[in-house]
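Novice: Pasting a structure below so you can have a look.
Residue numbers (our numbering), protein chains in the order written: chain P, 18 to 423; chain L, 351 to 488.
The structure is reproduced here in structure tokens:
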């Protein structure tokens, strides 16, 4: 195949929409524009039918019942509704939530909010691989604990938490288990029954569907879970999420789920082979380190630190042709490097030197070859320019230098 | 964030990358920043003792494109100046020349600090008192 530029390797941020998804959505903008809540005419029936069908497509992908799917605007809303909704609904049972330091901000900031509302939150540390300690999790449970919120797959390092073991602990103690499935659903088999998940948020645009739509899975049996609505209104989605259904986006989410259902297995195989080739190619460089577990990891993700070069400076060497993310502070407004990488115990210097690669459905072998070459070349060039690399090569221990911290 | 053309040019074709012999008394070395902060600059000047002019300047920088560009530009400006003229280089001159956005102003501050640190080192080596370095203001 011919090399296609620019190369998009930031699929953890968002994925391009699959053209088949767009095709499914198109009739629902102009022609079939009805409000799914209009019960008394054909425009409404057509829209409702489309939403029902999408609900089945979504449910099937995660082995849920369609009635357990609440459509949302995306995973951020799902995280908020799932966690705050449980906190309010189960207030009489307790006020303690357990989560982890490497969660997405949509979970962490929601937990911070809950603390302000009088809740108690335990933030579990992770080990150098990015995994939580199950014993620590169990020890953190008190008689006030109502919810464990641990993500399925991490957005920065792709590390997959031991979901089944977590849910078993939750069950044993009568605690609900919420997981942010944004990066995992549609990429690896996620089965809410086998995995013992009580609530799960995910999003359309991470699985080749449209932006602005997602779903919250809420278990209806064993146990029956309910969440308090966070928006007041017409009582849509069994009263848990009011607001007129975004029919075209929901149709798109459904189609995206159906495609993932059919193609996920082959796609994961193809992408993990490409990811491994990319990783092995880049690990030929000296002083390159893979961040997080390589064993328990999403098939399309790798995160690598190239010591002694800074991430944003590195990306500038090829960002005309390759789109990536870095854990470097310079890429964020906060000037703080990635809190996820720091949670693994990486020094700030390695966190600043990291690149995150997220391969996707449309990544080609030619693009991987190009990426290996371009990044290798830029790392070598910047190391020639790096005073830290020179010191390292001279055998100077950088920790012995008194740096002027600013 | 889009980079200015001048930043891209300095990044793609950096001027004066390298190392001067720091054991020489007419070479001053400044090392500023910290790896944990994501930028470290080493800037060196070599003063021609006969003329008092900066005959050569070299840098190595660990940092983003704006940090690399700021130090590359600084070395260009240093050459041919007297030490006193070099002291007058202000970080805002660098900001203006490279069109740095507000979030990158610290890169220019670091370059100014590196110039001052190199000059201070040169002064100390030649029996003059060290400069009072402001540093740590960013």
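Virtual Cβ for every residue (Gly too), placed ideally from N, Cα, C. Computed from a predicted structure; not experimentally measured.
Check the C-beta distance from residue 369 (chain L) over to residue 408 (chain L) and give it rounded, since I have them as a contact under 8 Å.
Specialist: Their Cβ separation, rounded to whole angstroms, is 6 Å, which keeps residue 369 (chain L) and residue 408 (chain L) in contact under 8 Å.
Novice: Since residue 359 (chain L) is in the alpha helix (DSSP H), which residue starts that stretch and which ends it?
Specialist: It spans 355 to 362 - the alpha helix (DSSP H) in which residue 359 (chain L) sits, taken as one unbroken run.
Novice: Helix, strand or coil for residue 363 (chain P) per DSSP?
Specialist: If DSSP states are grouped into helix, strand and coil, residue 363 (chain P) belongs with coil.
Novice: What residue range is occupied by the uninterrupted alpha helix (DSSP H) comprising residue 472 (chain L)?
Specialist: Note, residue 472 (chain L): alpha helix (DSSP H), 455 to 475.
Novice: Taking the alpha-carbon positions, what's the residue 113 (chain P) to residue 156 (chain P) distance?
Specialist: In a straight line, the C-alpha of residue 113 (chain P) is about 13 Å away from that of residue 156 (chain P).
Novice: On the three-state DSSP scale, how would you describe residue 384 (chain L)?
Specialist: Three-state DSSP puts residue 384 (chain L) in a strand.
Novice: Would residue 140 (chain P) and residue 116 (chain P) be called neighbours here (beta carbons separated by less than 8 Å)?
Specialist: Yes, these two residues count as a Cβ contact at 8 Å.
Novice: Given a cut-off of 8 Å, decide if residue 425 (chain L) and residue 402 (chain L) are closer than it, judged by their beta-carbon atoms.
Specialist: Their beta carbons are not under 8 Å apart, which means residue 402 (chain L) does not touch residue 425 (chain L) by this criterion.
Novice: Compare the C-beta of residue 466 (chain L) with all C-beta atoms of chain P and state if any pair is closer than 8 Å.
Specialist: So no, residue 466 (chain L) is outside the interface.
Novice: Check whether the Cβ atoms of residue 91 (chain P) and residue 231 (chain P) lie closer than 8 Å to each other.
Specialist: Cβ distance < 8 Å, so residue 91 (chain P) and residue 231 (chain P) count as in contact.
Novice: In whole angstroms, what separates the C-alpha of residue 487 (chain L) from that of residue 332 (chain P)?
Specialist: With a pLDDT of 42 at residue 487 (chain L), under the threshold of 50, the modelled position of this residue cannot be trusted; read the value that follows with caution. C-alpha separation (whole angstroms): 28 Å.
Novice: Taking all protein chains shown into account, do 16 or more other C-beta atoms lie within 10 angstroms of the C-beta of residue 56 (chain P), making it buried, or fewer, making it exposed?
Specialist: Residue 56 (chain P) should be labelled exposed.
Novice: Which of helix, strand or coil does DSSP assign to residue 26 (chain P)?
Specialist: Of the three classes helix, strand and coil, the one that applies to residue 26 (chain P) here is coil, per DSSP.
Novice: Along chain P, in chain order, which residues have C-beta atoms closer than 8 Å to that of residue 473 (chain L)?
Specialist: Correct list: empty, because the minimum Cβ distance to chain P is about 18 Å.
Novice: Which residues in the same chain have their Cβ closer than 8 Å to the Cβ of residue 276 (chain P), if we skip the five residues on either side of it in sequence?
Specialist: Excluding residues within five positions, the ones whose Cβ falls inside 8 Å are 35, 37, 38, 225.
Novice: Enumerate in chain order the residues of its own chain whose CB-to-CB distance from residue 105 (chain P) is below 6 Å, with the five nearest sequence positions on each side excluded.
Specialist: Excluding sequence neighbours, residue 105 (chain P) sits near 245.
Novice: If the criterion is Cβ atoms closer than 8 Å, does the pair residue 444 (chain L) and residue 420 (chain L) meet it?
Specialist: Contact: yes.
Novice: Quick check: what's the CA-CA separation for residue 327 (chain P) versus residue 403 (chain P)?
Specialist: One C-alpha to the other measures close to 9 Å.
Novice: Can you pull out the residues from the region 364 to 379 of chain P whose beta carbon lies closer than 8 Å to at least one beta carbon of chain L?
Specialist: Flagged, chain order: 364, 365, 366, 369.
Novice: Mind pulling the chain P residues with CB within less than 7 Å of residue 410 (chain L)?
Specialist: Per Cβ cutoff of 7 Å: 402, 403, 404, 407.
Novice: Report the residues of the region 371 to 392 of chain L with a CB closer than 9 Å to any CB of chain P, ordered along the chain.
Specialist: Result list: 381, 382, 383, 384, 385, 386, 387, 388, 389, 390, 391, 392.
Novice: Whole angstroms is fine: what's the gap from residue 267 (chain P)'s alpha carbon to residue 100 (chain P)'s?
Specialist: In a straight line, the C-alpha of residue 267 (chain P) is about 22 Å away from that of residue 100 (chain P).
Novice: Kindly indicate which residue of L:440, L:410, L:367 has the alpha-carbon position closest to the one of residue 389 (chain L).
Specialist: Nearest C-alpha to residue 389 (chain L): L:410.
Novice: Quick one: which residues of the region 423 to 451 of chain L get their C-beta closer than 7 Å to a C-beta of chain P? List them in chain order.
Specialist: Residues passing the 7 Å Cβ filter: none.
Novice: Got a sec: is the Cβ-Cβ distance from residue 356 (chain P) to anything in chain L below 8 Å?
Specialist: No, no contact with chain L.
Novice: Do residue 320 (chain P) and residue 173 (chain P) have their C-beta atoms within less than 8 Å of each other?
Specialist: Contact: yes.
Novice: On a CA-only basis, which of P:229, P:193, P:203 is nearest residue 213 (chain P)? Give me that one, please.
Specialist: Residue 213 (chain P) has its Cα closest to that of P:193, out of P:229, P:193, P:203.
Novice: Residues in its own chain within less than 6 Å of residue 323 (chain P) by CB, not counting five upstream and five downstream?
Specialist: Excluding sequence neighbours, residue 323 (chain P) sits near 305, 370, 396.
Novice: Would residue 59 (chain P) be called buried (16 or more neighbouring beta carbons within 10 Å of its own) or exposed?
Specialist: Exposed is the call here.
Novice: Which complete alpha helix (DSSP H) runs does the region 75 to 133 of chain P hold, if anything under 4 residues is left out?
Specialist: Correct list: 92 to 106, 122 to 133.
Novice: What three-state label does DSSP hand residue 333 (chain P) in the structure shown?
Specialist: In this structure, residue 333 (chain P) counts as helix in the three-state DSSP scheme.
Novice: Assess, as a yes-or-no matter, whether the region 117 to 125 of chain P is touched by the region 81 to 90 of chain P under the definition of 3 or more beta carbon pairs within less than 8 Å.
Specialist: With the cut-off at 8 Å, the region 81 to 90 of chain P and the region 117 to 125 of chain P do not touch.
Novice: Go ahead and pull the three-state DSSP assignment for residue 441 (chain L).
Specialist: Reduced to three states, the DSSP call for residue 441 (chain L) is helix.
Novice: I want to verify the contact list: residues of chain L whose CB lies under 7 Å from the CB of residue 193 (chain P), in sequence order.
Specialist: None at all; the shortest Cβ gap to chain L is about 39 Å.
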